[in-house]
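Protein chains in written order, with my numbering: chain Z, 1 to 378; chain P, 379 to 623; chain E, 624 to 982. For glycine and all other residues, C-beta sits at the position ideal for the given N, C-alpha and C. What you are looking at is a predicted structure, and each value in this text was computed from that prediction instead of being measured.
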Amino acid sequence: MNKLLSSQKFKRASIQIVFLVSLVFIIVSLIVVGQKNIAAQGIATGFGFLERTTGWPISFSVIEVTARSTYARVLFAGLLNTMLVGFLTLFFATVLGLILALLRVSSNTLMNIVGTTYVEIFRNVPVILQVFFWYALLTHLPSPKQAYDLGGVAFLSNRGLMMPAPTLSATDLWVLIGTLTAIGFGLFYAKQNGGAKRRWLIAIAAFFAVFLVLLLTGREPDQSLISIPELKGLRFVGGITLKPEFSALLIGLVLFGAAYIGEIIRGGLLSVERGKLEAGSALGLSGFQINRYVRIPLAFRAMLPSLANQYVWLMKGTTVGIAIGYPDYFAVVSTSINQSGQTMELLALLMGGFIVVNYSLGFVMNKINDRIKLKGRS
Amino acid sequence: MSNSAISIKSLNKHYGSFHALKGIDLEVREGETLVICGPSGSGKSTLVRCMNGLESYTDGNLEVLGITIGDDTQQLDRVRKRVGMVFQGFNLFPHLTILENCVLPQLRALGRDRATSTIEAVDQLKRMQVYVHSEKFPDQLSGGQQQRVALARALCLQPEIMLFDEPTSALDPEMISEVLDVMQDLAREKMTIVCVTHEMGFARAVADRVILMAEGRIIEEGDPEQMFTAPEHEITKEFMKVVNQ
Amino acid sequence: MAASLTAPAAATGPVVWLRKHFFSTWYDAVFSILFSMLIAWMVNKLLGWAVFDAIWRVENRELCTHDAGACWAVIEDRGRLILFGLYPYEEQWRSTLACLAVIVTMVLSCLPKFWSIRRLPILWIAGFGIFVLLMRGGFAGMPLVRSEQWGGLSLTIFIFAAVFVIGMPLAVIFALARRSTLPVIAKVSGLFIDLVRSLPLLTLLFAAAVVVPLLVPEAIQGTKLGRVVVAFALFFAVYQAEIIRAGLQSTSQGQEEAAVALGMPYWSLVVDILLPQAFRNTLPSTINQAVITFKETSVVTIIGFFEVMASGNAAIGTGEWGNQYIEVYVFLAFIYFIFVFGLSRYGAWLEKRMRLGHV
C-alpha cells in the first residue's frame, strides 16, 4: 500500500482525478443552487424571453428600436452600439496615436515635449474619469434654444451635435452595403489584372456612381436630398444627432487610447535596428524612402501583437459607457436583467458576446500577423 | 569482491518512436571511475541521466546503491540524496551567493541545520579552491570557477556516487584543466564516478574503465590504454581517429 | 600629395543646439514657432484660470461666477467628502492613518531590502491588516465603523490593497498550475486564465455583485464589497499569472534539474529558486499591472460603491456646486495622477536599472 502511495504514476493520476471531481462538484452545485433560487423567484429558465417585448426604450441605436421591440432586437442593438463606438475608437485612436508617436520620435524637441506631455496626462488618469469629464462638459453646453450655430446647418447644444445628413431609407442602406460587398469581391478577384492603382480608382468610381444613383432615384417627390436640423419648439428635428452620451464616450476613449497606441507605435518605430536604417542610407535612399520602405514596415511587424492587445482592451473599455448612459451591450444586458430577471441567460449572453468579439478581433489580428510576419527559422 | 554501485540490465528507452537506449547492460563497481564517450546522439547523456531519475526508461532494470529506480518517488528521493550530479551548464542558482548555493540544498534536501551546513559548505569550497569567492554571485565568476562551485555544491550532500554530464564541454580551453584536476583528486579518493566526456587525456589518466557508446548501444568497453591504442570495433576505431586529431 | 583639409568646425554651442532641436528643417521651424506661441497662450490662460483669478476660500464663494477663475473653494467645502466618503467626521483621523499605512507599505515594497519571499508578504499583510483594523475599529475605544460607510479615496485605497493582497498569491497558484506537468490541471487553468482575460472587468464585477448571490448558499455569500473585491482580485490574478509565468519561463530549465538532482523538494524549488527569480525578472511588468489596477478601481463606481469617483460626483451634485465639475474632476485627476505617475516613474526607473544589471 505504501508502495502504491509513493508511486509517481499513482500520485499524478490521483491528483488529477481529485481535481476534476472537485471542479465538477462545484459546478454542479452552483447549477443546482442557482436553479433552485431562480425557480423560487418564479422566473422561467431558458431563452424564450428573447421573443418577448421589452417595454422600455433605449436612448441611442443604429437600428430602429422602440419600447415594443423584442429582447433579441434590443440586445442586438446594444451589440451594434458597442461595435460602433468600439471600431470608431480604434480608428481615431490609431490615427491620433500615430501623430503622437511621430511627435515623440521627431528630432524637434518642442514636438517631443508636446507629445510626452499629452501621453503622461492622458495615460495616468482613469478612462472613466475622462469620460465623466467630457460628458459633464458636453451636457453643460447651452440648451437647444440657445445652441451654438455652426454655419446655419449644424448646431451644438447640450442635447448633442446636430448635423445635416442625407436621407436614406433602410432599403437604400442595404443596397449600399450590398454594392460595397460586391465591389469588394470584384476587387479581390480582379487582383491579377490591371494593377493596384487602377483597381482602386475603378472601385472608388463605382462606389460613387452607385451612391449617386441611389440618392437621385427611389426618392419621394417632396423629400429633400439632405435633411437639415431645424429648431421646432424645444428640440431639433431632422438631420442626424450625435448625442452627448455617444460623443463623450468616443472622445474619452479616443484620447485615452491614443496615448497607449502612441506608445506602442513609438516602441515599434524605436525597435527597428539602427543598422537597417543606416543600410538604407548607404544605399542612397532618401529619408522619406527609408521611412516608407524600411522603418514603417519593420516597425509595423514589431508592434502588431501589442497593438492587437490594445485593440481588444479598448473594445472591452467601451463598457464604461454605462456610467454616462450610453446603451452599449453591457448596459442593455444589465437593464434587461433588472427588468426581466433572466439573470443567468443574460449573463451568459453578455460574456458570450464579449468572448466572441474578442476572439474574432484576435483571430483577424493573428491572420494579419501571419501574413506579414518575417519568415525565417523560428 | 566490491559491490555494484550501479547495476543496469537490458535497459531500453524510447522518446516517442525514437529508440534512444537499446538494451544496455552495465555494472559500475564501488570506487570505480567509468568514462563514457562516443559521438553525439549516442545516448551517453541519456544513460547517465537515467541513473538519478532525471530521465525515465521504458523497460529493463536499473538499480543504484541497491535501490531500484522506477516509479516509486520515495525511493527516487533516497537515491538522489546519495548521488550527486554536475551538469554541462553548471546550473548554479544565480540569485544566491556561492556560499548560499552550497548551503541551501543541505537545508532543504537533508534537513541539516544552518550551522552544520555552513561548515560543510566552507570545507567543500576550500577543497575546490573557490572559497575566496563565497560572497560573490555566480555570474561574477568564470566558467571554470562556476563548475568547481557546482561540484562543491554536489559534494556538500556527501554523495556516494558522482555523475558528470560533459562537465567541461561549455568551458573555454584554458579553464578545462582546473576542473579536470579536481575531478582527478576525487577519483583518487576512490569516489564512484560516472563521467560523460570528450576529454581523452582525463580518461587515460584517471579512468578505470572506458565505454564507447553509439546509436544507443554500448559498442566496446575496456581499460583506457587498450581502448585508445588497440580498439577492436570499427566504430571505436573511427571515433578514436577523430578524437585524437 | 593632395592638400590636407582642415577638419570641419566643431558642432557645439547653444546656437547649434537650438538649431538642431527646434529648427532643423523648415517645417520644424514653422511648427516650433507656431506651437511655442500657442503653448505660451494656453499656459497663460490656464494659469490665469487655475491660479491667479481662482477663488480658494469658501467664504468668497459668491465670487464663483461664470467669468471668474477656478472655484477651488469646492475642494475646501467638499474635500472631506471626496477623501473619506461618509465616514463619521470625528473618526476621520483613523481613515487618514489607515491610508498612510498602506502608502508606507507601498513605499517600503520598493526597497530591495524587502524583496524576499518572506518579508514582502508579511509587509503587505501587516500594512493591509493595520488598514482594516483602524478603519473598522470596534476596540480600544474606537467606535465601530462598518465597511458600508467606508468611502472616497480611502475606499479606493482599500480596494486596491485588497486586490493586491488577495490577487498575488492567486496569481502564483494560477501560474504554477498552468505550468504543471499534470495535463488536466495545466489545460483547465489555461482555459480559465484565457477565458477571464477576454472578459471586461466590469462584467466580472457585475456578475459578482448580482449573480453570485443567486448561485451560492447564503452562508458563503459575504458582503457585496467582499464579493466584488474577490472578483477584482481574480481578474488581477489572471493577468499577473501570465506575467509570472513569463518570468518562470525565463529561468533556465537547468536550475530545475539541478534542484531535482540535489534532492530538493518541489516546494523548495518553487519558493527558493523559481519564484524569487521570476519576481525579480518581471518587476517592471508587475508594477505596470499595479498601476493599471489602481486606475481600474474607478470602475467599481458603476457597481454602486462610493469610492473616490462617486464621492467626487456627489461633491458636485446638483446643488450649490453644480457648475464646479471641472474643478472637482481636476482634483480627482490630480489624486490619481500622483499615485499612478509616481508608481509608473518608479517602474521605469527600476526597469532601466535592471537592464543595466544593477539590481
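Cβ-Cβ separation, residue j to residue i (assumed contact under 8 Å), whole Å
| i | j | result |
| --- | --- | --- |
| residue 483/P | residue 887/E | 6 Å |
| residue 525/P | residue 545/P | 6 Å |
| residue 549/P | residue 521/P | 5 Å |
| residue 9/Z | residue 455/P | Actually they are not in contact, since the Cβ atoms of residue 9/Z and residue 455/P sit about 16 Å apart, beyond 8 Å. |
| residue 261/Z | residue 298/Z | Incorrect: roughly 18 Å between the Cβ atoms, too far for contact. |
| residue 203/Z | residue 324/Z | 39 Å between Cβ atoms; not a contact. |
Proximal residues of chain P, C-beta to C-beta of residue i below 8 Å
| i | result |
| --- | --- |
| residue 866/E | Here the premise fails: no neighbours, minimum Cβ distance about 18 Å. |
| residue 7/Z | 449, 450, 451 |
| residue 873/E | Going along chain P, no residue has its Cβ under 8 Å from residue 873/E, so there is no contact; the nearest lies around 11 Å. |
| residue 899/E | 473 |
Identity of the residue in the options nearest residue i by Cα
| i | options | result |
| --- | --- | --- |
| residue 430/P | 922/E, 883/E, 891/E | 883/E |
| residue 275/Z | 266/Z, 290/Z, 315/Z | 290/Z |
| residue 250/Z | 326/Z, 301/Z, 213/Z | 326/Z |
| residue 116/Z | 266/Z, 336/Z, 342/Z, 17/Z | 266/Z |
| residue 408/P | 599/P, 577/P, 568/P, 597/P | 568/P |
| residue 142/Z | 720/E, 978/E, 946/E | 946/E |
| residue 616/P | 603/P, 592/P, 601/P, 602/P | 592/P |
| residue 777/E | 876/E, 765/E, 725/E | 725/E |
| residue 393/P | 453/P, 386/P, 575/P, 433/P | 433/P |
| residue 534/P | 574/P, 487/P, 558/P, 551/P | 487/P |
| residue 311/Z | 355/Z, 347/Z, 270/Z, 257/Z | 257/Z |
| residue 476/P | 427/P, 416/P, 506/P, 558/P | 506/P |
| residue 438/P | 571/P, 465/P, 385/P, 459/P | 385/P |
| residue 53/Z | 73/Z, 34/Z, 40/Z | 73/Z |
| residue 602/P | 596/P, 587/P, 611/P | 587/P |
| residue 110/Z | 869/E, 652/E, 789/E, 934/E | 652/E |
| residue 563/P | 574/P, 547/P, 552/P, 530/P | 530/P |
| residue 93/Z | 22/Z, 285/Z, 122/Z, 105/Z | 122/Z |
Listed by chain order, chain E residues near residue i by CB distance under 7 Å
| i | result |
| --- | --- |
| residue 34/Z | 837, 838 |
| residue 483/P | 885, 887 |
| residue 316/Z | 823 |
| residue 382/Z | Because residue 382/Z is not part of the residues shown, which for chain Z are 1 to 378, the question remains open. |
Partner residues on chain Z for residue i, Cβ-Cβ distance less than 7 Å
| i | result |
| --- | --- |
| residue 956/E | 125, 129 |
| residue 830/E | 347 |
Terminal residues of the beta strand (DSSP E) in which residue i lies
| i | result |
| --- | --- |
| residue 719/E | No beta strand (DSSP E) contains residue 719/E, which is instead part of the alpha helix (DSSP H) from 715-732. |
| residue 381/P | No beta strand (DSSP E) holds residue 381/P; DSSP gives it neither H nor E. |
| residue 600/P | 595-600 |
| residue 736/E | Careful: residue 736/E lies outside any beta strand (DSSP E) and carries neither H nor E. |
| residue 235/Z | 235-237 |
| residue 415/P | 411-415 |
| residue 149/Z | 148-150 |
| residue 241/Z | 240-242 |
| residue 539/P | 539-543 |
Neighbouring residues, chain P, relative to residue i (Cβ below 7 Å)
| i | result |
| --- | --- |
| residue 896/E | 471 |
| residue 891/E | 486 |
Terminal residues of the alpha helix (DSSP H) in which residue i lies
| i | result |
| --- | --- |
| residue 139/Z | 127-139 |
| residue 291/Z | From DSSP, residue 291/Z is part of no alpha helix (DSSP H); its letter is neither H nor E. |
| residue 278/Z | 274-282 |
| residue 351/Z | 343-372 |
| residue 17/Z | 8-40 |
Within chain Z, the residues that residue i reaches when beta carbons sit closer than 8 Å
| i | result |
| --- | --- |
| residue 959/E | 124, 125, 126, 129 |
| residue 808/E | 15, 16, 19 |
Residue i: contacting residues in chain P (beta-carbon distance under 9 Å)
| i | result |
| --- | --- |
| residue 11/Z | 451 |
| residue 974/E | Chain P residues near residue 974/E: none, gap ~18 Å exceeds 9 Å. |
Any non-hydrogen atom of the ligand MG within 6 Å of residue i CB
| i | result |
| --- | --- |
| residue 494/P | Looking for the ligand MG in the displayed structure turns up nothing, as the structure carries no ligands at all. |
Interface partners of residue i on chain E, CB under 8 Å
| i | result |
| --- | --- |
| residue 120/Z | 964 |
| residue 432/P | 880, 883, 884 |
| residue 83/Z | Correct list: empty, because the minimum Cβ distance to chain E is about 14 Å. |
Chain-ordered chain E contacts of residue i [CB-CB under 9 Å]
| i | result |
| --- | --- |
| residue 540/P | Result: empty, since nearest Cβ-Cβ is about 11 Å, beyond 9 Å. |
Item to check | Within the segment 876-956 of chain E, ranges of the alpha helix (DSSP H) (whole runs, at least 4 residues) | outcome: 876-884, 898-904, 906-919, 923-926, 931-939
Item to check | Those runs of the alpha helix (DSSP H) which lie wholly inside the segment 479-517 of chain P and span at least 4 residues | outcome: 492-505
Checklist entry - At which residue ranges does the segment 561-595 of chain P contain complete alpha helix (DSSP H) runs of 4 or more residues, listed in the order of the chain? => result Contiguous alpha helix (DSSP H) elements confined to the segment 561-595 of chain P occur at 578-584, taking only those with 4 or more residues.
Item to check | In chain order, each alpha helix (DSSP H) run of at least 4 residues that lies wholly inside the segment 397-480 of chain P | outcome: 422-429, 451-460
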